[in-house]
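This report concerns only the one structure given below.
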Amino acid sequence: MTQPIEVDLIIKNADELLTLSPSFQEGSGLGIVPKGAVAVKEGRIFWVGKGEELSQKICLNRGGPEMDATGKVVMPGLIDAHTHLIFGGSRENEFEQRIQGLSYQEIAGRGGGILSTVEATRRSSFDELLFLGKKRLDRMLSKGVTTVEAKSGYGLSLQDEMKILKVMKALQESHPIEIVPTFLGAHTLPREFRNDRSRYLDLLTEEMIPQVAQERLAEFCDVFCEEKAFTLEESRKILETGKRYGLRPKIHADQLSSGGGAELAAEVDAYSADHLEYVSQEGIRKMAEKGVTAVLLPGASFFLSMKNYPPAREMMERGMAVALATDLNPGSSMTESLPLMMTMGCTMFKMIPQEVIRATTNHAARSMGREKEIGSLEVGKQADILVLDVPNYRYLPYHFGVDHVEYVIKKGKIVYQRP
Ligand SMILES: [Zn+2]
13 MTQPIEVDLI
23 IKNADELLTL
33 SPSFQEGSGL
43 GIVPKGAVAV
53 KEGRIFWVGK
63 GEELSQKICL
73 NRGGPEMDAT
83 GKVVMPGLID
93 AHTHLIFGGS
103 RENEFEQRIQ
113 GLSYQEIAGR
123 GGGILSTVEA
133 TRRSSFDELL
143 FLGKKRLDRM
153 LSKGVTTVEA
163 KSGYGLSLQD
173 EMKILKVMKA
183 LQESHPIEIV
193 PTFLGAHTLP
203 REFRNDRSRY
213 LDLLTEEMIP
223 QVAQERLAEF
233 CDVFCEEKAF
243 TLEESRKILE
253 TGKRYGLRPK
263 IHADQLSSGG
273 GAELAAEVDA
283 YSADHLEYVS
293 QEGIRKMAEK
303 GVTAVLLPGA
313 SFFLSMKNYP
323 PAREMMERGM
333 AVALATDLNP
343 GSSMTESLPL
353 MMTMGCTMFK
363 MIPQEVIRAT
373 TNHAARSMGR
383 EKEIGSLEVG
393 KQADILVLDV
403 PNYRYLPYHF
413 GVDHVEYVIK
423 KGKIVYQRP
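See the structure below:
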């Protein structure tokens, strides 16, 4: 008789085990296994299925935890596909001014706006940014986030962009949340280059991108393609340069106007186009054709009281994978709560609960090229798992503004337990 195989962790009796795997087909598309169980070995999913079929050939390591998920939902860790994680300062004054009806220009005139965050970030030391970043990641973890995409973009000088990316690297080495770093030197034009766009473009393409790539501080290169930020031509040049240095393209597209950003995303084979409030029909068609993931950011629409929402339903009907993210940043979306974005995805973008769950798991993984590793509970994938104190998956977006996460498991280890 063969020896049973020892595993490191077993979760049993989940009322709903959301695998997000096509091997468990049922109506919702979430691959739900009732009374499901999952076994973890060496940080990866070793077995997943119906509890009663959990083989006699699998036994738990001595001391390994066996968790009873009776009355609970078990699902893959959430993935936040778009954040501006590292910044100094805050803009609550601007928030108040906006409520009182001041325009973006008036706020900028009073020293607010994105450039005020650039100044505050430049003034912040490495250690100050590290401290702030850790606090933000801790909040995300308590909401069930196990992987986060994080953009630079509040430094806008070689030295300050490198400082931000190095803070991310230090966090990656010390915090359980996995960070996927993106270089966003093309976030806005820094003040000192106000009258010399082309010199900043040169700095981006000839110094910053090569240096970031050489030190392996980013996987992606992003650009804010918008009338008031970078033009279509400039964006193309930046993304193409990034590609030559091995940085994969992403793009902030069509947030404030329909400027051809989505079409450019398709043209440069971007992994994702993000925002898309004003995406054109042609843009949707081209992105669907190329398999670009749409990353939608309801927090920004909500926080800025924007009336024009991205056409999420239409994008899904046209075959696009739609992801949702927080867009965490001090100006337009000051939140670490991805579950809250799920609720907003439902109420504002008319996505249904099963869709917002895919949007924050396997579709979010796709937007960062990680779908073979994370975003579903399948044998061989990374064991990033949540145990939620809710009776069924619909509860997660339905019962909003409160925390449902009981346990977070990252790479097979319990990294958060609800106090
Ligand atoms: Zn953004």
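Under our numbering, think of the first position of the sequence shown as 13, with each following residue one higher. Every residue gets a Cβ at the ideal spot worked out from N, C-alpha and C, and that includes glycine. This one's a predicted model, so the numbers in the text were calculated from it and none came from an experiment.
What three-state label does DSSP hand residue i in the structure shown?
{"i": "Met180", "result": "helix"}
{"i": "Val130", "result": "helix"}
{"i": "Phe195", "result": "strand"}
{"i": "Gly61", "result": "strand"}
{"i": "Thr82", "result": "coil"}
{"i": "Met87", "result": "strand"}
{"i": "Gln429", "result": "strand"}
{"i": "Leu149", "result": "helix"}
{"i": "Gly121", "result": "helix"}
{"i": "Asp139", "result": "helix"}
{"i": "Tyr166", "result": "coil"}
{"i": "Val224", "result": "helix"}
{"i": "Arg330", "result": "coil"}
{"i": "Asp27", "result": "strand"}
{"i": "Tyr321", "result": "coil"}
{"i": "Thr217", "result": "helix"}
{"i": "Ile22", "result": "strand"}
{"i": "Ile44", "result": "strand"}
{"i": "Glu161", "result": "strand"}
{"i": "Asp500", "result": "Residue 500 lies beyond the residue range present for the chain, which begins at 13 and ends at 431; the question has no answer from this structure."}
{"i": "Ala312", "result": "helix"}
{"i": "Arg74", "result": "coil"}
Measure the CB-CB distance between residue i and residue j and report whether it falls below 9 Å.
{"i": "Leu398", "j": "Val50", "result": "no"}
{"i": "Glu236", "j": "Leu177", "result": "Correcting the residue identity first, residue 236 is Phe in this sequence and not Glu. Against a cut-off of 9 Å, the Cβ pair of Leu177 and Phe236 comes out as no contact."}
{"i": "Val280", "j": "Leu244", "result": "no"}
{"i": "Lys69", "j": "Ile17", "result": "yes"}
{"i": "Leu276", "j": "Ser317", "result": "no"}
{"i": "Ser349", "j": "Arg103", "result": "no"}
{"i": "Ser345", "j": "Phe314", "result": "yes"}
{"i": "Ala335", "j": "Ala282", "result": "no"}
{"i": "Glu7", "j": "Leu72", "result": "Any property of residue 7 remains undetermined from this structure, which presents the chain solely from 13 to 431."}
{"i": "Ser284", "j": "Asp266", "result": "no"}
{"i": "Leu340", "j": "Arg74", "result": "no"}
{"i": "Leu229", "j": "Val160", "result": "no"}
{"i": "Lys422", "j": "Gly89", "result": "yes"}
{"i": "Phe242", "j": "Ala300", "result": "no"}
{"i": "Tyr428", "j": "Ser210", "result": "no"}
{"i": "Val179", "j": "Leu216", "result": "no"}
Can you check which of these residues, the options, is closest to residue i by C-alpha distance?
{"i": "Gly41", "options": "Lys384, Thr373, Phe412 and Val402", "result": "Thr373"}
{"i": "Gly125", "options": "Phe107, Arg135 and Phe138", "result": "Phe107"}
{"i": "Pro323", "options": "Thr338, Leu316 and Ala306", "result": "Ala306"}
{"i": "Leu66", "options": "Gly55, Pro261 and Val45", "result": "Val45"}
{"i": "Pro202", "options": "Glu28, Leu352 and Leu127", "result": "Leu127"}
{"i": "Leu170", "options": "Glu227, Met79, Met380 and Gly258", "result": "Glu227"}
{"i": "Val192", "options": "Leu408, Leu183, Gln223 and Arg211", "result": "Leu183"}
{"i": "Thr82", "options": "Ile369, Glu418, Ala274 and Phe412", "result": "Glu418"}
{"i": "Glu231", "options": "Lys262, Val85 and Tyr405", "result": "Lys262"}
{"i": "Met320", "options": "Leu114, His375, Met332 and Met360", "result": "In the sequence as displayed, the identity of residue 320 is Asn instead of Met. Asn320 has its Cα closest to that of Met360, out of Leu114, His375, Met332 and Met360."}
{"i": "His94", "options": "Gly381, Ala162 and Thr31", "result": "Ala162"}
{"i": "Ile296", "options": "Ser35, Gly101, Glu326 and Arg406", "result": "Glu326"}
{"i": "Met460", "options": "Thr355, Met356 and Glu367", "result": "This structure leaves residue 460 out entirely; the chain is present only between 13 and 431."}
{"i": "Pro431", "options": "Thr347, Val420 and His287", "result": "Val420"}
{"i": "Val52", "options": "His411, Gly424 and Gly381", "result": "Gly424"}
{"i": "Pro310", "options": "Val304, Gly273, Thr347 and Gly357", "result": "Gly357"}
{"i": "Val19", "options": "Asn25, Gly55, Asp396 and Glu190", "result": "Gly55"}
{"i": "Gln109", "options": "Gly101, Phe99, Arg260 and Ala120", "result": "Ala120"}
{"i": "Arg260", "options": "Glu238, Lys146, Met380 and Glu294", "result": "Met380"}
{"i": "Thr194", "options": "Thr217, Glu185 and Cys233", "result": "Cys233"}
{"i": "Asn25", "options": "Met87, Thr200 and Met220", "result": "Met87"}
{"i": "Met174", "options": "Ala225, Val157, Leu213 and Glu204", "result": "Ala225"}
{"i": "Leu30", "options": "Val402, Asp415, Val414 and Phe412", "result": "Val402"}
{"i": "Met353", "options": "Asn105, Gly413 and Asp214", "result": "Gly413"}
{"i": "Thr158", "options": "Gly303, Ile426, Glu190 and Tyr116", "result": "Glu190"}
Just checking: is the beta-carbon of residue i within a distance shorter than 9 Å of some beta-carbon in chain B?
{"i": "Arg382", "result": "The chain inventory of the structure shown lacks chain B, comprising one protein chain alone."}
Inset, instruction - Could you name each continuous beta strand (DSSP E) segment of 3 residues or more that falls completely within the region 338–416, going from the start of the chain to the end? - result: Segments of the beta strand (DSSP E) lying fully in the region 338–416: 397–400.
Legend entry - alpha helix (DSSP H) runs wholly inside the region 228–298, at least 4 long, in chain order: Whole alpha helix (DSSP H) segments, 4+ residues: 244–256 and 273–279.
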